[in-house]
Amino acid sequence: MINTLEHYQQTHTYDTGNNLTALSHQANSGNWQQTLAIHPNSNRGTETQQSTNDFDANGNLLHLDNIANLDWYYNNTLNKLTKADKSNTTQYYVYDYQGKRVRTVTESNQQVQSQRDYLPALDISTNQTKQQSSTLHIGTHVLSENSKDNTQTPHQTRYQLNSHLQSNTLELDDKAQTLSYEHYYPYGGTAIIAGKDKTQAQQKRYRYTG
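Positions 204 to 413 (the working numbering) are the ones given, in order, by the sequence shown.
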């Protein structure tokens, strides 16, 4: 793991309204940069260097670089996300009248693969084989997970330690052993993620909040 770490430098450029207009990343493994055009009469984005159609009329981002395409409701809540490398896989999001997300559905080839329902302090997930798991939110930073899925521990408590931005950086089990660790770039990209094992890292649900 240590051999894969490297120093990097990111430079952010802003206009007089504190809108991000350019981001540059430099590292031994490769350099990249992104520029954003801001509407002259507002603070919403209009285009990036990759495309002039990266934002909708409300300034919502329509494309995550090589990751996914985004579709938004009229009230600027996310409607669906289609993976760029798997155009047949889409996540749909459902909200209540207050704009709070109450359900996430993942479809592949027009077949439901998984569904997660959000209740007060409780999340219930079901996958395509009807295996079910539930997550109980105890306080703000403790999750108690129960699963009937053989791919993960039947019962597990995840203690989440947050950064000053309230992003989830470290997860511990009930024996104070590390389950996952993640460090973020500014604006939410993952700089490093590690865990007790690959499965534990992949099961991490709460991450960057900004």
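Note that beta-carbon positions come from the ideal geometry of N, C-alpha and C, so glycine has one too.
- Between asparagine 371 and glutamine 363 a beta carbon distance of about 5 Å is seen, short of the 8 Å cut, so the two are scored as contacting.
- If you draw a 10 Å sphere on the C-beta of threonine 338, you find 16 or more other C-beta atoms in it, and that means buried.
- As summarised for the region 291 to 322, there are no continuous alpha helix (DSSP H) elements at least 4 residues long confined to that stretch.
- In this structure, the straight-line span from the alpha carbon of alanine 271 to that of aspartate 400 is close to 26 Å.
- As the crow flies, the alpha-carbon of tyrosine 409 is around 30 Å from that of asparagine 231.
- Taking the CA atoms as reference points, isoleucine 341 sits about 37 Å from serine 290.
- Pairing leucine 373 with tyrosine 388 gives a Cβ-Cβ distance that is not under 7 Å.
- Taking a contact as a CB-CB distance under 8 Å, the pair valine 305 and aspartate 326 does not count as one, their CB atoms being some 10 Å apart.
- Looking at the DSSP output, arginine 361 bridges to Leu346.
- Going by DSSP, alanine 240 is part of the beta strand (DSSP E) stretching over 235 to 241.
- For alanine 271, the enclosing beta strand (DSSP E) starts and ends at 271 to 275.
- For glutamine 314, the closest of Gln213, Asn221, Asn330 by C-alpha to C-alpha distance is Asn330.
- Ranked by Cα distance from tyrosine 390, the first of Glu209, His210, Gln237 is Gln237.
- No residue range can be given for glutamine 406, since it is assigned to no alpha helix (DSSP H) and is classified by DSSP as neither H nor E.
- Cβ neighbours of arginine 247 within its own chain (closer than 8 Å, five residues either side excluded): Ile241, Phe258, Asn261, Gly262.
- Secondary structure note for leucine 368: it is in no beta strand (DSSP E), with a DSSP letter that is neither H nor E.
- Non-local beta-carbon contacts of alanine 404 in its own chain, meaning distances under 7 Å to residues more than five positions away in sequence, involve Ser383, Ile396, Ala397, Gly398 in chain order.
- For leucine 208, DSSP assigns no beta-bridge partner whatsoever.
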